[in-house]
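Heads up: the structure comes next, in structure tokens.
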Amino acid sequence: MLTKFETKSNRVKGLSFHPKRPWVLASLHSGVVQLWDYRMGTLIDRFDEHDGPVRGVHFHKSQPLFVSGGDDYKIKIWNYKLRRCLFTLLGHLDYIRTVQFHHEYPWIVSASDDQTIRIWNWQSRTCISVLTGHNHYVMCAMFHPKEDLVVSASLDQTVRVWDIGGLRKKTVAPGGEDVLRLPPMNADLFGGGDAVVKYVLEGHDRGVNWAAFHPTLPLIVSGADDRQVKLWRYNESKAWEVDTLRGHTNNVSCVMFHARQDLIISNSEDKSIRVWDMSKRTGVQTFRREHDRFWILASHPEINLLAAGHDGGMIVFKLERERPACAVHGSTLYYVKDRYLRTYDFTTQRDNPLMSIRRAGSAGANQGPKTLAYNPAENALLITSDVDGGSFELYAIPKEAARGDTAPDAKRGLGTSAVFIARNRFAVLDKSTNSIQIRNLQNEITKKVPTPCATTDAIFYAGTGMLLCRSEDKVTLFDIQQRSSMAELATPFVKYVVWNNDMSMVALLSKHAIIIADKRLGGAQTVHETIRVKSAAWDDSGVLLYTTLNHLKYCLPNGDSGIIRTLDSPLYVTRVAGGIVHALDREGKIRTIQVDPTEYMFKLALLQGRYDAVVNIVRSGGLCGTAIISYLQQKGFPEVALHFVTDERSRFNLAVQCGNIEVALQAAQALDDKDTWYRLGVEALRQGNYNIVEFSYQKTKSYERLSFLYLIAGHTDKLRKMLKIAEMRSDVMGRFHNALYLGDVKEQVRIMEEAGQLPLAYVAAATHGLAEDAERIGSKLSCEAPEAGAPGGSFLMQPPQPILREENWPLLTVSKGFFETLAAKGAASAAAAAGAAAGAPGAGAKGRAAAAAAAAMDIDESALEGAGWGADDLDLGGGAEGGEEDNLEGMGGEGGSEGWEMEDLDLPADVVAEAAAAAAGGAAAPFTAPAPGVPASQRWLDKRTQLAAEHAAAGSWATAMSLLHRQLGAADFEPLKPYFMDLYSAAFAVLPGLNGVPSVMAHLDRTWHGDVSTQPPTSPTLLYTLSGLEEALKAAYKLVTEGKFSDALRAFTRMIHVIPLTVVESRKEVDDVKELLAICREYHTALRCELKRKELRDDDMARNAELAAYFTHCRLQPVHLALSLRSAMTIFFKLKNFATCATFCRRLLELNAGAKIAEQARTVLAACEKNPVDAVKVNYDPRNPFDLCATTFTPIYKGSKYVEDPYTGARFIPDCKGQISPLGDFVRIGADASGLLICPSQQTR
């Protein structure tokens, strides 16, 4: 049995395969109908309108319908596309056992415990016939796949065959159904005359559970409670028993014919499925489950799949492998089909039988040829199979093999795997002795080599004298001669190995993954699939083409994969050449598929850096779509993606991503929307392109940003223009901000006066010495003028006068990439052609972009004066690139004494030569940035510390969390996040730099010493120390004494969080920290217990008393323990549990508490001893030692099972295993952990 899919659920009573889609319906004993995709292993939908078990379910052949019948006497017809029940058919009076659609007519047949079989017309929603005759429960009723027959099985020990030809004639006849249909009452009582019993098959000794027709032959198979499977034959006149199959040890619940082979499959309540050979009438295979009884079987109508339902769910399986054994050498395919070894020539497409071979496993299922290996040197074949637990056959192919020649007797032997390793040697794996046998072509053992791993279970060819040995979780490259492992690779369970033509690359195929590696198993790349991987073959270009159940896909050497096309049925790829994929299907037929390799050849060329090939593919236009663009973006080639894109928005996004500001500007001008201009401005600001930033702000009318840009760039003249624009826009705040940026106090006073802020305007004018303005404004004030004037020692704060005015940032000269160069050439040639046509020299893209920006930034001064201002763009004067350096030649003057004196300098020849050489070298050589050194945080980690605190301080939080997970069993790190951040912040000092210069991060090293200036960093400075923890403990004790339990609980929680992030220097300090952790554990549990008690209702006195008693058993300081005992004594005395109260009194007296408390304890003890009984039963036994479960607050008595928090050591009941511990909320209870590690000396243990 090859299990393809398995579910776990309630008992499955009904199954049905969809005829086309990879779906199976399962009806459960709980009343739910589940729809599963067995290929993907996912639950698609569930339908739960039935009350009680659903015993029968069936898909319609062509409509999106299925029918179900259950113990609620209802037959429901469902539409799985609409995901609802369409209607319900009522009529049966007892449980419905089976339902089935007719293959041609709109009929449903149903069998019921009311001893009848009903045939329904689901289109008219009526019962058209009732078949009566059985005198016990009818367990099963099925239509014949072709004839007008119905077979039924009943607990009356008979199988009946019904002729429904009359029903078909009546239904087909025009109007016949309405005229001839019996009244419902008569039909229920006597049945209709349109269906009659043709045969009654008697032979079973007990009730019959199932009966089924053969799909093509006049045969019936039945299974019954007498544990027998019977085979029946029928003709036109009679039916008779052919044979009985015995072997089941309990009731046979279901039986059926195999759709494609001469086999009978039955299952039983004896927890087994049996396969019977129909011709030999003997058992072939038996599959058993340990605890689950089988109830139902289903067969797929199209493919070789079966399903079985049992007590714990269902399984979908095949009886035998369908993969044809094959091998390729050169242009010839060798494969096994039926009883013949055949060859197929890929070039001539000729398919010939080479020789007849003994069909391995003819005595049993799933024992056909498994693998085939070909030896071209000796023209020999090795065929392996699962016969006898694993065996091989060695065939020598006759040189003049004619059609149908029988090969000489094969040389056979036992072994799970067999492959050729040399011209006249092959290797056989003997699992019984964990050895590899080396045999010659006479099948004689010449040498034995131990396997490289004790769990080796398969070997694969890996070149002459080399093997790939598969074990549980790895593959080993093994050298036979040297008897040594050359390399290992951790992999999932590998099923097949595929080498390329020159044996330089290998693909390891597992069930749901492909691993690609080189011949030494290096550079491994893994591709994961959700559907089973079936086969693979290498293309000549180095791309792996592989198939899954429903796709033909490709995989590049770097692990990138994609879909080539969808497959209707699984194929096994044998060869890929010239865009043609050769494959075998499950029937052993040769299939060829023409594929378009453009996509994967493009990606391969990109991966290998063959950019000329990439350009050719781009120009050919063979690729398009968002998938290619997305791929290029992910792989860091957005400039290549630009060649594919014509949509301006996509061009803009790609240009921004690759930093191509010129293309982005062109696209933004085409799109011309606010968001695009904003994004362009952000990217231009990142690149320091002042002109484009200014242009973008103008287009988006971002007045505030524009003003700030002019301020930081030092363009005061443009700020003055912004002031005028704000005035025309009546933007008071904008005017004031610009006046403030300019330091124009007069304008500020005027703005405040116009805004009606007269007192403020007066104060500003008087303070800044503007006497005339102050006098004018003071006269307008309705109240007394406020006092004004600058205090002594003050000075006027004005914006600094700009010395340097910012322009575009200088950019390094870098060599353009292949694609940028290609694009530049294309743009230059296009511009040259355009320039020639217009009678002007061509201009590049950058020149056009700068010109566009400069043109947009010219300002018409007169426009600001009139009412015409208000166009969409802000026409602010922003000079084009290099505006201040134009026409320097004219600045010297041509005569007279006026003008700039610019005379030529007579420099020495050697100085001129050196300067020219330096200039030439500087222009030619690209800038190379110095390599950064190793940061201190990396050095902190290079010493391979295992201290989580040091990893957190260095910023490597992932490794810190991994260490805490391994050492403490930490699972939820959210509570530790603030402490990680504090550790990281404390390990660095930040030195602020000058304006425009980023701050300097200084690493604070714990071992730094002022006398050793060159000492490299070794350990980060840490925030948390043992002394700090001790101070925190004292503060927590104080909170407990004061009765602030919630605050105290937070303090102890913080210490639990901080302890694993502390580092100490000695083993003694480690012991101190562990002792402190134990104290935190006890107090944390005790405080939570007490807070839990205070949350209880007043009437829950028993639980209140229990928690008070448990509080006293936590190991606390004597003063706190005395307080807890006093509280418990009071509660138990009020509860009249005097016997238990006395124990608290005695414990309190033993503590030597204060005189007042001791006197109270003696008084209560005396009162309790007068009547030492407990009025209320509580779950507390002071005589039996126990630990307190930190989650449920229940006692764990000595000898009981428990689980521990691996960090604090707190104990819990076993049900808490896997939960997050409440002591800190970050450790998983019961997790495996190595222990707390907080000292460097602990790492050397």
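If you're matching positions, the sequence shown starts at 4 in the numbering used here and goes up one per residue. Ideal Cβ placement from N, Cα and C applies to all residues, glycine included.
Pair within 8 Å by beta-carbon distance, residue i and residue j
i	j	result
residue 958	residue 982	no
residue 1232	residue 1246	no
residue 1200	residue 1182	no
residue 71	residue 95	no
residue 1262	residue 221	Coverage of the chain is limited to positions 4 through 1248, which leaves residue 1262 absent and any answer about it impossible.
residue 697	residue 673	no
residue 729	residue 751	no
residue 1254	residue 1088	Because the chain in this structure spans residues 4 to 1248, residue 1254 falls outside the shown range and cannot be described.
residue 477	residue 461	no
residue 581	residue 519	no
residue 331	residue 386	no
residue 271	residue 282	no
residue 143	residue 213	yes
residue 76	residue 319	no
residue 258	residue 287	no
6 Å Cβ shell around residue i - same chain, five flanking residues per side excluded
i	result
residue 10	316, 317
residue 669	none
residue 1139	1178
residue 499	512
Three-way DSSP call (helix, strand, coil) for residue i in this model
i	result
residue 1062	helix
residue 653	helix
residue 150	coil
residue 233	strand
residue 532	coil
residue 52	coil
residue 92	strand
residue 665	helix
residue 32	coil
residue 924	Annotation note: pLDDT 43 at residue 924 (below 50); position unreliable, coordinate value reported separately. Note: residue 924 maps to helix in three-state DSSP.
residue 168	helix
residue 804	coil
residue 1266	Residue 1266 is absent from the model: the chain starts at 4 and stops at 1248.
residue 898	In this predicted model, residue 898 has a pLDDT of only 42, less than 50, meaning its place in the structure is not dependable; the value taken from the coordinates is given anyway. Coil, per DSSP.
residue 541	strand
residue 1173	helix
residue 700	helix
residue 752	helix
residue 983	helix
CB-CB length for residue i against residue j, believed under 8 Å
i	j	result
residue 393	residue 357	About 25 Å separates the two Cβ atoms, so there is no contact after all.
residue 437	residue 419	Contact flag wrong, Cβ pair sits at about 12 Å.
residue 467	residue 425	6 Å
residue 3	residue 1236	Nothing about residue 3 can be reported from this structure: the residues present for the chain run from 4 to 1248 only.
residue 943	residue 1023	5 Å
residue 89	residue 60	Rounded, the Cβ-Cβ distance is 15 Å, inconsistent with contact.
residue 313	residue 342	With 8 Å as the limit, residue 313 and residue 342 do not qualify as a contact, their Cβ atoms being about 36 Å apart.
Close Cβ partners of residue i (< 8 Å) along its chain, the five nearest in sequence each way excluded
i	result
residue 198	122, 132, 134, 153, 165, 166, 167, 169, 170
Proximal residues to residue i (C-beta, below 7 Å), its chain only, five neighbours per side dropped
i	result
residue 192	Confidence is the limiting factor: at residue 192 the pLDDT is only 48, short of 50, which leaves the residue's position unreliable, though a coordinate-based value still follows. Excluding sequence neighbours, residue 192 sits near nothing in its chain.
residue 354	345, 347, 593
Stretch pair the stretch 698-708 + the stretch 670-684: three plus CB contacts closer than 8 Å: yes
Contact the stretch 578-589 vs the stretch 323-331: 3+ CB pairs below 8 Å: yes
Cβ contact check for the stretch 1000-1008 and the stretch 1041-1050: 3 or more pairs under 8 Å: no
Segment contact, 8 Å Cβ cut-off, at least three pairs: the stretch 36-54 with the stretch 336-349: no
Three-pair Cβ contact test at 8 Å for the stretch 738-750 versus the stretch 709-729: yes
Any 3 or more C-beta pairs closer than 8 Å across the stretch 713-723 and the stretch 795-809: yes
Three CB pairs or more closer than 8 Å across the stretch 532-540 and the stretch 605-614: no
Cβ contact check for the stretch 1128-1148 and the stretch 1204-1214: 3 or more pairs under 8 Å: no
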